[in-house]
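Some notes on the structure that comes next.
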Amino acid sequence: ISNFVHGRRGLSIEAMDALLNVLGLDVRRLMAMSEQTTPSPKDSSSTLESVPLIQHGAAMNPTFGKDEILGELGYTKTLVRQLKAEPTDTRKPWVRFIAVRADAALAAPMNPRLSNGSVLLVDRHYCSLAWHPKGGQNLYLIRKEQTLMVRWAAMQGTQLCLRPDRNEYPLAFIYIDRKNPLASCMVGRVVHIATELDSPEQRRPLSP
Numbered sequence: 002i003s004n005f006v007h008g009r010r011g012l013s014i015e016a017m018d019a020l021l022n023v024l025g026l027d028v029r030r031l032m033a034m035s036e037q038t039t040p041s042p043k044d045s046s047s048t049l050e051s052v053p054l055i056q057h058g059a060a061m062n063p064t065f066g067k068d069e070i071l072g073e074l075g076y077t078k079t080l081v082r083q084l085k086a087e088p089t090d091t092r093k094p095w096v097r098f099i100a101v102r103a104d105a106a107l108a109a110p111m112n113p114r115l116s117n118g119s120v121l122l123v124d125r126h127y128c129s130l131a132w133h134p135k136g137g138q139n140l141y142l143i144r145k146e147q148t149l150m151v152r153w154a155a156m157q158g159t160q161l162c163l164r165p166d167r168n169e170y171p172l173a174f175i176y177i178d179r180k181n182p183l184a185s186c187m188v189g190r191v192v193h194i195a196t197e198l199d200s201p202e203q204r205r206p207l208s209p
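Every position in the sequence shown, counted from 1, becomes a number in this note's numbering once 1 is added.
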């Protein structure tokens, strides 16, 4: 039990059943106990970072009006505060983290990584193409003209190459120069993708 609590080993279903039998508990009783110890909203506010869930059209706005915010989601501060930022001077005043809900068009080229309804946490202070973590690639939320897309991104000469996960969708390219720098099309790095099963805590109701 000590090894399990401290993350040194896993606990199989069989071992969990044996443990519950010794304690005289069943799963329903365990769930009831968990609900009784759930932190109150006041307690959770100290451990969660509030992130606005915004409309797609507002993704490149430095800040947001009330009509552009669909709701607020709570992400653990442990997650967001460990993320490296590489903001340009123009991005420093921007709201750093935003959440965007994927629709069918946004999700299809990256399925099954994304699905219709997935929630993306995006770091808008990370507009670099530097790989993070080491040895990996970054997934970005990109605005091409008026369309948002999620893609793997890399420079090919003077063009930003945007690669989907599914082969039936073509590569896309954006010309990059001084007049059109990366920050002009890159919303930010996708740092977390949540489905309905593991979505972040909803801090206030979403608009219908």
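From the three backbone atoms N, C-alpha and C, an ideal C-beta is built for every residue, glycine too.
Please read these numbers as outputs of a predicted model, since none were measured by experiment.
Neighbourhood of residue i by C-beta distance below 6 Å, restricted to the same chain and skipping five residues each side
i    : result
S13  : none
L54  : L71, G72, L74, A100
V120 : A100, R102, A195, S200
V96  : T64
S116 : A108
P209 : Any answer about P209 is weak, because its pLDDT of 37 lies below 50 and its placement is not dependable; what the coordinates show is given next. Here the set comprises nothing.
G118 : none
E69  : I55, Q56, A59
Distance between beta carbons of residue j and residue i, contact taken as under 8 Å
i    : j    : result
L122 : Y170 : About 23 Å; that fails the 8 Å criterion.
A86  : V188 : At roughly 14 Å, the Cβ-Cβ gap does not stay under 8 Å, so A86 and V188 are not in contact.
T89  : A184 : 5 Å
Other residues of its chain near residue i: CB distance less than 8 Å, five sequence neighbours each side excluded
i    : result
L207 : Confidence at L207 is low in this model, with a pLDDT of 47, below 50, so its placement is unreliable and no value can be given for it.
A16  : none
K145 : L163, A173, I175, C186
L198 : Because the pLDDT at L198 is just 49, under 50, the model does not fix this residue reliably, and the point stays unresolved.
L84  : D124, Y127, V192
N4   : R10
I2   : L20
W132 : Q138, N139
Q1   : Nothing about residue 1 can be read from this structure; the chain reaches only from 2 to 209.
Same chain only: Cβ atoms within 7 Å of residue i, ignoring 5 sequence neighbours per side
i    : result
G25  : none
P165 : P110, M111, R152
P94  : P63
D27  : L21
T48  : T77, K78
A105 : N117
Residue i versus the options, residue with shortest Cα-Cα distance
i    : options               : result
I143 : L161, A19, S3, N22    : L161
R114 : D124, F5, R167        : R167
S51  : N62, G58, D27, K78    : K78
T91  : I2, A106, N62         : N62
I177 : V81, V23, L130        : L130
G58  : Q147, Q157, R179, V81 : Q147
Q138 : A105, N181, R190      : R190
L80  : E69, K180, P182, F98  : F98
Cβ of residue i within 7 Å of any chain C Cβ
i    : result
S185 : Any reference to chain C falls outside this structure, which holds one protein chain only.
Taking contact to mean 3 or more Cβ pairs, one atom from each stretch, closer than 8 Å, check whether the segment 138-156 and the segment 103-114 are in contact.
yes
At 4 residues or longer, what runs of the alpha helix (DSSP H) sit wholly inside the segment 46-97?
78-81
To test your reading of the DSSP string, which unbroken beta strand (DSSP E) runs of 3 or more residues are found completely within the segment 113-201?
120-124, 140-145, 148-157, 160-164, 173-176, 187-195
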